[in-house]
Amino acid sequence: MPSPNPGADRPKLQYNVALKVYEVELEILRQMQVERHKREEDVERIIGEVDASPELAAELRQIVRDGSIKDDIAMQENRVLGAKQILDEARHNGSRHCPSLENRGPS
Numbered sequence: 002m003p004s005p006n007p008g009a010d011r012p013k014l015q016y017n018v019a020l021k022v023y024e025v026e027l028e029i030l031r032q033m034q035v036e037r038h039k040r041e042e043d044v045e046r047i048i049g050e051v052d053a054s055p056e057l058a059a060e061l062r063q064i065v066r067d068g069s070i071k072d073d074i075a076m077q078e079n080r081v082l083g084a085k086q087i088l089d090e091a092r093h094n095g096s097r098h099c100p101s102l103e104n105r106g107p108s
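In the numbering used here, the protein residues as written are 2 to 108.
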């Protein structure tokens, strides 16, 4: 049976979509951070295996720190912040129509 007021569910739907987008972007960021950590561990393992000089070890660590993953993570952090802003707006707009949205989701 259709809702008597089809527009009444829209704020809640917008909030739920915004929440899902935020959760996905945050999970992508977490995975990228795990990948960076794995790379750092791999470099440390390689440094130990080849008995790298302190200069070479420092250079290898710098390459990992400054690599593209750093920029990718920074861009993903911005996506998470953007998704969070949209989520906050959806929560604010939806709370006028559905007060239970005011206390939902991440803050």
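Heads up, the beta-carbon is just placed ideally off N, CA and C, and yes, glycines get one too.
key: Cut-off 8 Å between Cβ atoms - residues of its own chain near residue 1, not counting five sequence neighbours on either side   = Outside the shown range of the chain, which is 2 to 108, sits residue 1, and nothing can be said about it.
query = Would you call residue 18 buried or exposed, if buried means 16 or more other Cβ atoms sit within 10 Å of its Cβ?
reply = Counting from one through the sequence shown, the residue named residue 18 turns up at place 17. The residue in question, residue 18, is exposed, as its Cβ has fewer than 16 Cβ neighbours within 10 Å.
key: Alpha-carbon spacing of residue 95 relative to residue 15, whole angstroms   = Mapped onto the sequence shown, residue 95 falls at position 94. Mapped onto the sequence shown, residue 15 falls at position 14. About 8 Å.
inquiry  = Alpha carbons only, please: which of 21, 12 and 44 is nearest the one belonging to residue 81?
reply    = As a first step, residue 81 must be located in the sequence shown, where it is residue number 80. When each option's Cα is compared against that of residue 81, the closest is 21.
Local Cβ density within 10 Å of residue 91, reported as buried at 16 or more and exposed below that = Locating residue 91 in the sequence shown gives position 90, counting from the first residue. By the 10 Å Cβ count, residue 91 comes out buried.
query = residue 12: buried (16+ other C-beta within 10 angstroms of its C-beta) or exposed?
reply = Counting from one through the sequence shown, the residue named residue 12 turns up at place 11. Label assigned to residue 12: buried.
7 Å Cβ shell around residue 88 - same chain, five flanking residues per side excluded = For the purposes of this step, residue 88 is taken as the residue at position 87 of the sequence shown. Answer for residue 88: 19, 20, 23 and 106, listed in chain order.
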